[in-house]
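Below is one structure, written out as structure tokens, with a few remarks after it.
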Ligand code: FAD
């Protein structure tokens, strides 16, 4: 009998941690594992806002995937997944390569949803991947340089759509970044504007009142213009039209209005719901054999009505079980059911402040910012042990272009 082939699609939080689990627990020669990802680097999605604002260097946000794979049990293949043939059990890449599998894990992450608002898809910047956020930073630099030539205020008006978790993290990072950038380009900070547009009546909808109050005060103290209860109707390369009748002259709209599963998922021959693939309690895709799906790509119902949110915390916990469940499948053993344990949520507002709840305790300010660092460090620890934590923390968070 030939060696079973396990193929993992996507080396984000879900795919990488599953790979680590397989490396640890597979016996030598028990299976061939291939990890496929678009790029040869893994980006730390939870810190992409830093790339967008240029407050962290590339090597703090990206990690070279082959260096993270510690044994020769998992082989990395750089490739862009185009399609999966579930009957033939083959993955097709855009290079034309076909990779056969016996067990498949779909962990292809998220895409941004723009709700069909005219002009957003074409003109807004997305917090989606390392490349998309790097494009935000490079655009801001170009606008600053051009402002020196034409003094057009739309170049220095940065709008962030959405004051949810990601939007607030983006705004907080811009608050931190702009003074430095203004010094570099010799532009008075007072000539810049950061505007946060949110359809709900408050920032951080769903967070508790203290967190909302702390964040509102912090942002207002730092001259962020909060436009709550406001919807974007349309966006062009140079302006944003709002439902209050205002037209904001701005060449930078950063969209963080919501996420959905990777759009590729809907092209696969599988049922999807809300852009994500429904999975059973063992993290298996319903109706196809030996296919698992985790993270933002998966729709895991925690009860009859509510799905688990698309978070790194969910993706990591699912990956920690998915590895063992794939091994149990190939050994013909009993699979374990997935149980999610919510440990808390902390949103950063720049480097020095954060808000959230950890193990039921409400936190804000500097202590919360430290907790956020601890959470990020824990992820690095799971991925590469203490040496990776030390290596990443020693890197200087210098801006780049
Ligand atoms: P991802 O991490 O998105 O990985 C998907 C991988 O698939 C990527 O490497 C991608 O390149 C690859 N891929 C995609 N398409 C293809 C293709 N066609 N072919 C090959 N490879 C492909 N969650 C939290 O729990 N806490 C936080 O504090 C937090 N902060 C966040 C801050 C920001 C700015 C953002 C954007 C998200 C944040 N999240 C947070 C959410 C978290 O990042 C996601 O839930 C998490 O990344 C999901 O992991 P995943 O493995 O499902 O997908």
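Numbering (my numbering), first residue to last: 3 to 403.
Cβ atoms here follow ideal geometry from the backbone N, Cα and C, with glycine treated the same way.
Predicted model, so just to flag it, every value in this text is computed and none were measured.
Item, Value
"Please tell me whether, using a cut-off of 7 Å, the distance from the CB of residue 36 to the nearest non-hydrogen atom of ligand 1 is below it.", "no"
"Would you check if the distance between the CB atom of residue 266 and the CB atom of residue 114 is smaller than 8 Å?", "no"
"Along the chain, where does the alpha helix (DSSP H) that runs through residue 389 open and close?", "368 to 396"
"Can you grab the Cα-Cα spacing for the pair residue 268 / residue 280, in whole Å?", "12 Å"
"Could you check where the beta strand (DSSP E) with residue 251 kicks off and where it finishes?", "249 to 251"
"According to DSSP, simplified to helix, strand and coil, what is residue 95?", "strand"
"Under 8 Å between the Cβ atoms of residue 55 and residue 139?", "yes"
"Out of 275, 77, 338, 67, which has the shortest C-alpha to C-alpha gap to residue 34?", "77"
"Would you say residue 44 touches ligand 1, meaning its beta carbon is less than 7 Å from a heavy atom?", "yes"
"Rounded to a whole number of angstroms, what is the C-alpha to C-alpha distance between residue 68 and residue 217?", "39 Å"
"The alpha helix (DSSP H) spanning residue 66 covers which residue range?", "Per DSSP, residue 66 belongs to no alpha helix (DSSP H); it is in the beta strand (DSSP E), 64 to 66."
"Can you tell me where the beta strand (DSSP E) with residue 163 in it begins and where it stops?", "159 to 163"
"Give every residue of the same chain whose Cβ lies closer than 6 Å to the Cβ of residue 270, excluding the five residues on either side of it in the sequence, and list them in chain order.", "86"
"Should residue 185 and residue 159 be called a contact, given that it needs their Cβ atoms to be closer than 8 Å?", "no"
"So, using beta-carbon positions, are residue 324 and residue 369 closer together than 8 Å?", "no"
"Please find out if some non-hydrogen atom of ligand 1 comes closer than 7 Å to the beta-carbon of residue 23.", "no"
"Go through its chain and collect everything with a Cβ distance to residue 400's Cβ below 6 Å, but skip five positions before and after it.", "With a pLDDT of 49 at residue 400, under the threshold of 50, the modelled position of this residue cannot be trusted; read the value that follows with caution. Closer than 6 Å at Cβ, skipping near neighbours: 59."
"Does ligand 1 have even one heavy atom less than 7 Å from the beta-carbon of residue 76?", "no"
"Relative to the C-alpha of residue 192, which candidate in 382, 215, 181 has its C-alpha closest?", "181"
"Rounding to the nearest angstrom, what Cα-Cα distance links residue 36 and residue 264 in this structure?", "20 Å"
"What is the DSSP secondary structure of residue 269, reduced to helix, strand or coil?", "helix"
"For the alpha helix (DSSP H) containing residue 356, list its first residue and its last residue.", "Unbroken run through residue 356 is the beta strand (DSSP E), 356 to 360; no alpha helix (DSSP H)."
"Is any heavy atom in ligand 1 found nearer than 7 Å to the beta carbon of residue 41?", "yes"
"Could you check the C-alpha separation between residue 433 and residue 89 for me, to the nearest Å?", "Since the displayed the chain opens at 3 and closes at 403, residue 433 lies outside it and no answer follows."
"Which partner residues of residue 262 appear in the DSSP bridge assignment?", "113"
"Where residue 156 and residue 189 are concerned, what is the direct C-alpha to C-alpha distance, given to the nearest angstrom?", "14 Å"
"Whole-angstrom Cβ separation of residue 254 and residue 127, contact assumed at under 8 Å?", "7 Å"
"So, using beta-carbon positions, are residue 171 and residue 57 closer together than 8 Å?", "no"
"Going along the chain, which residues of its own chain have a beta-carbon closer than 7 Å to the beta-carbon of residue 65, five neighbours each way excluded?", "43, 44"
"Just the C-alpha distance for residue 348 and residue 215, rounded to the nearest angstrom, thanks.", "15 Å"
"Please give me, in chain order, every unbroken run of the alpha helix (DSSP H) with length at least 4 that falls completely inside the segment 15 to 100.", "15 to 27, 50 to 55, 60 to 63, 67 to 70"
"Report whether the distance from the Cβ of residue 126 to the nearest heavy atom of ligand 1 is below 7 Å.", "no"
"Look up residue 402 in the DSSP assignment and say whether it is helix, strand or coil.", "Because residue 402 carries a pLDDT of 42, less than 50, the predicted location of this residue cannot be relied on, and no value is offered for it."
"What is the rounded straight-line gap between the Cα of residue 330 and the Cα of residue 379?", "30 Å"
"Which of the three DSSP states is assigned to residue 3 in this structure?", "coil"
"Would you say residue 178 and residue 292 are within 8 Å of each other, going by their C-beta atoms?", "no"
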